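What follows is a set of notes on a single structure, which appears directly below.
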Amino acid sequence: MNHNSLIILTPIELKLGEENRRRTVEEILSRKREYGLDRFLLTGPSKGWRSVGYPETAHYEALARQFAVIRDAVAPHGVSCGWWITLTVKSGRSFDFGPVVLSDGREAPFSSCPLDERFRERFARDAALFVRIAKPACVFLEDDFSLNASSPGGCFCPLHLDKFAERAGRRYEREELAALLAPGLPGAGLPGAGSPEAVRLRRLWRELCRETLVGFAETLRREMDKEAPEIPIGLMESGASSADGDSAEAVARALAGPRHTPVCRIFGAEYNGIVSENLPVTLYHPLWQKERIPGPFCFLHESDTYPHTRFYSSAAQMKALMGAVYSFGYEGSVFQTQQFQDDTNEETAYPLMLREERARFAAISAEARRCQVAGVSLPADSEHDGGSPSAWIPTLARFGIPYTTRRGKVAFWDAQRARTVPDEEVTEQLSGGLFLDAEGARILVSRGFGQYLGVSVGGSVIEGNLRYDLGITERICDGFAPDSTGREMPGANCYTARRGNGVLYDLKITSPDCEAVTKTYDFRGNCLGVSMTRFRNELGGRVVVYGATIGGNGSQSLWNYRRQKLFQSLLVWLGGDFLMVRDAPKVWPILNLPLRPGEDAGFLGMATLCSLGEDSLSGVSLRLPKAWRDVTDILSLTPDGSWEPVPFSKASDGVRVCEELRFLEPTVLKFVCNVKASDMTGRPDRTVRRRPAGAISCVIPQIQRDYPCETVNRE
């Protein structure tokens, strides 16, 4: 695959019949003419086979011949066609293959076990036959290439039980194994489910799940290499890949073989309707995978709005989604614009959005791939928490605080992270900067780290009749958040419909060096206790404890302007030197820092700002990292992929950028220091143009190579 431009793969259903062939060709060429889409994935066999049984080999042959005719019809128009194999593990039952067996002993209704050599070899031969006839540009495997997608916990068939016995050193029957492996499954709760032995067994089981899928992938690659070794095979990652032993990378590499770069479409979308303010949570997994899988590796995003109409998700939401993942450095998308029915081109908003934004998306991706995402650390662990998003994400995104999934000097931990991180990593983070919610702090105290937090954590503060005191307030103590003219915030029990309140715990200061940051008072002014603290510990680290729980907390006690300023100032105190969005709610920043500082003279970094609030903003105030404060020019990326200088004014520790922020419209800013515009040209993604004073972004390509940025009007 060509990695020099944005990769957009558009699925369209492959059906038999002359009329379907004609219609498919017309629909592909229509998308090419109107929107420039030129890479398609023809999907088949139909998932309807799940209700009938595994297809006959003759069906694969007939589909392949249909594919070849369509491929030849569209190729003269500059269109390439790949094959998306939509039946893999969930391919319909057959008496010739062993089924996937669930933890309760039932057989999965339409899934065959990939540890069964008969199924593995038959599937691989059928796929190789298709490839020999159809000669697709590439092949992708459906995201049901998974065990846990068919059977939560994995496959408990005799083959898997036998194979696991070899690894574990003894045989476990299905009921016993299910209880030890997955405490949430039916029949769980046997003694010892949380013991070191159970932990060892879960690790061995995850490895077996992963190696089962890798073996299946290797069989497919081997058979395809006999027919077409030049054709790359990619993976559509399953949403159950973490449960499958963190399988995505290993399976993608097995499918690639030694000749190809591994390629994987990483999952990260909301089906049946995107909730705009949830985008940061939705996209945590794509960021986590991008930051942890080493290259060479081609990352594509699941830009899928299923069921692919604006009755559920808007094109504006897709623009925000895709702009964000390209800011992570993704190289493209499997972009769903079609409905899987007749007149598949009925929905036009998505491809129209892409046509208008493609140049900008390509420029974002190209710039981000020479950077790394930066911010506070929100790490996850596949084995212990399944790579689940941090409960801090909704708050950090609303507060304009950027984050990364990599480990870093300053981290925000929720209860899940505090519970699962190894002791040595806890000590390491407590030696740096750590921001905890009350539940996370309580867990660390119970693990023996209380002396490094400066507090003990008791029970819930607001109980009994206090729950009815709607005059409870939390007050910022003197010396903190000096930029806030007001000092009070709503109490933790304030009315918050639908979103939920956190639980305020009783923080007791245990060290004279621990400072109270906020305190809570009832309506009469009686102090109910300390609600936030900060502490320099004996390890040399700094710790902030927020006295309420963060999980499920969407209360006005947490989300308010004063808390935003307070959190940002405490983050700086912890040692966090990042770009942050000031005095504006719900502007989610993605911060990119150069991988090799100094490679491009004057390039400081890039920030993508996504406004998750419906109100437009006339400008935005940013706190800048210290290394950026000599910035001489800020450039904004236009839809045609060029960079235009924007007016800004400086403050002591940041800037005010005079660039309008609109709802779900990615605003991409490049920060440079003492560089002429002519030094930033040379590639489409590096083009800089002057924006006339008072003008809006222009979409007509016009490169003014010699215009120096430092003379741009900033009035």
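With our numbering, the residue at position 13 of the sequence shown is 22, and numbering never jumps. Glycine included, C-beta positions come from ideal geometry on N, C-alpha and C. Just so we're clear, the structure is a prediction, and the values are computed from it rather than from any experiment.
Neighbourhood of residue i by C-beta distance below 8 angstroms, restricted to the same chain and skipping five residues each side
| i | result |
| --- | --- |
| Ile16 | Met10, Arg48, Cys307, Leu309, Glu340, Gly341 and Ser342 |
| Gly196 | Per-residue confidence for Gly196 stands at a pLDDT of 37, beneath the threshold of 50, marking its modelled position as unreliable; no derived number is given. |
| Gly459 | Leu453, Ser465 and Thr519 |
| Ala324 | Ala358, Tyr359, Leu361 and Met362 |
| Lys328 | Met362, Glu366, Leu673, Glu674 and Pro675 |
| Ser14 | Ala371 |
Close Cβ partners of residue i (< 6 angstroms) along its chain, the five nearest in sequence each way excluded
| i | result |
| --- | --- |
| Gly254 | Arg215, Glu216, Cys218 and Arg219 |
| Gln347 | Ile21 and Thr353 |
| Leu18 | Arg48, Leu50 and Val343 |
| Arg551 | Gly442, Arg545 and Leu583 |
| Lys24 | none |
| Asp592 | Ser630 |
| Ser55 | none |
| Pro289 | Ile402, Ala406 and Trp597 |
| Gly449 | Trp422, Asp423, Ala424 and Ala427 |
| Thr228 | Arg129 and Ala133 |
| Ser120 | Val98, Lys99, Val109 and Ser159 |
| Tyr321 | Asn281 and Gly282 |
| Ala415 | What sits at residue 415 in the sequence shown is Arg, not Ala. Here the set comprises Glu300. |
| Gln573 | Phe408 |
From the options, residue whose alpha carbon lies closest to that of residue i
| i | options | result |
| --- | --- | --- |
| Leu213 | Arg74, Arg231 and Ala174 | Ala174 |
| Pro521 | Tyr514, Asn546 and Glu497 | Asn546 |
| Ser258 | Tyr280, Arg231, Pro295 and Ala237 | In the sequence on display, residue 258 carries Glu and not Ser. It is Pro295 whose Cα lies nearest to the Cα of Glu258. |
| Phe165 | Phe489, Leu580, Glu497 and Glu182 | Glu182 |
| Ser100 | Ser89, Gln75, Gly57 and Ser651 | Gly57 |
| Gly53 | Pro411, Ala358 and Ala136 | Ala136 |
| His269 | Arg102, Val290 and Gly243 | Gly243 |
| Ser247 | Lys235, Glu239, Ala261 and Pro238 | Ala261 |
| Arg638 | Gly663, Ser658, Gln573 and Pro241 | Gly663 |
| Arg131 | Val110, Val148, Pro271 and Phe104 | Phe104 |
| Pro241 | Arg665, Phe149, Ala73 and Leu72 | Phe149 |
| Thr529 | Lys659, Thr314, Gly480 and Gly561 | Gly480 |
| Ser627 | Met498, Asp642, Asp609 and Glu669 | Glu669 |
| Phe349 | Asn29, Asp153, Val677 and Asp531 | Asn29 |
| Val554 | Arg533, Leu537 and Tyr514 | Tyr514 |
| Val140 | Pro123, Ile94 and Val666 | Ile94 |
Check whether residue i and residue j have beta carbons under 9 angstroms apart
| i | j | result |
| --- | --- | --- |
| Ala187 | Gly224 | no |
| Arg278 | Leu156 | Correcting the residue identity first, residue 278 is Ala in this sequence and not Arg. Against a cut-off of 9 angstroms, the Cβ pair of Leu156 and Ala278 comes out as no contact. |
| Gln298 | His317 | no |
| His86 | Lys41 | yes |
| Ser469 | Arg426 | no |
| Val464 | Thr519 | yes |
| Thr542 | Leu516 | yes |
| Met233 | Ala133 | yes |
| Ala501 | Ser540 | yes |
| Gly563 | Arg476 | no |
| Leu168 | Asp125 | yes |
| Gly266 | Arg301 | no |
| Val526 | Leu604 | no |
| Gly395 | Ser251 | yes |
Other residues of its chain near residue i: CB distance less than 7 angstroms, five sequence neighbours each side excluded
| i | result |
| --- | --- |
| Gly193 | Model confidence at Gly193 stands at a pLDDT of 44, short of 50, so the residue's coordinates are unreliable; what they give is reported in the following sentence. The answer is none, since no qualifying residue turns up. |
| Tyr335 | Phe370, Ile373, Ser374 and Ala377 |
| Leu602 | Cys380, Gln381, Ala383 and Gly614 |
| Leu588 | Pro411, Pro598, Leu600, Ala616, Leu631, Arg632, Leu633 and Pro634 |
| Arg692 | Note that Arg692 scores a pLDDT of 42, beneath 50, so its modelled location is shaky; the value from the coordinates is reported in the next line. Here the set comprises nothing. |
| Gln326 | Ile283, Ser285 and Leu673 |
heavy atom of the ligand MG below 8 angstroms from residue i C-beta
| i | result |
| --- | --- |
| Asp478 | The ligand MG is not among the ligands present in this structure, which contains no ligands whatsoever. |
Does the pairing of the region 369-381 with the region 613-621 give three or more beta-carbon distances under 8 angstroms? Touching, per the Cβ criterion.
As an exercise, report each continuous alpha helix (DSSP H) stretch of at least 4 residues that is fully enclosed by the region 258-326, in chain order. DSSP runs (the alpha helix (DSSP H)) wholly in the region 258-326: 288-291 and 293-301.
Secondary structure, beta strand (DSSP E): runs of 3+ residues fully inside the region 179-247: Taking only runs of at least 3 residues, the beta strand (DSSP E) segments lying wholly in the region 179-247 are 242-245.
Does the region 567-575 come close enough to the region 387-402 that 3 or more CB-CB pairs lie under 8 angstroms? No, because fewer than three Cβ pairs between the region 387-402 and the region 567-575 fall closer than 8 angstroms, the two stretches do not touch.
At 4 residues or longer, and completely inside the region 442-520: list those alpha helix (DSSP H) runs for me, N to C. Those alpha helix (DSSP H) runs which fall completely within the region 442-520 and span 4+ residues are 447-453.
Is the number of C-beta pairs between the region 643-650 and the region 355-369 that are closer than 8 angstroms three or more? Segments in contact, yes.
Can you confirm whether the region 471-490 touches the region 420-439 when touching is taken to mean that 3 or more C-beta pairs between the two stretches lie within less than 8 angstroms? Put simply, the region 420-439 does not touch the region 471-490. Fewer than three CB pairs are less than 8 angstroms apart.
Note down, one range per segment and in chain order, each beta strand (DSSP E) of at least 3 residues found wholly within the region 580-636. As far as the region 580-636 is concerned, its whole beta strand (DSSP E) runs of at least 3 residues are 589-591, 596-603, 612-620 and 629-632.
With a floor of 3 residues, list each beta strand (DSSP E) that falls wholly inside the region 122-184, ordered by position along the chain. Within the region 122-184, the complete beta strand (DSSP E) runs of at least 3 residues are 148-150.
Report the start-end ranges of each alpha helix (DSSP H) in the region 314-391 that is 4 residues or longer and not cut off at the edges. With a minimum length of 4 residues, the continuous alpha helix (DSSP H) runs that stay inside the region 314-391 are 324-336 and 358-377.
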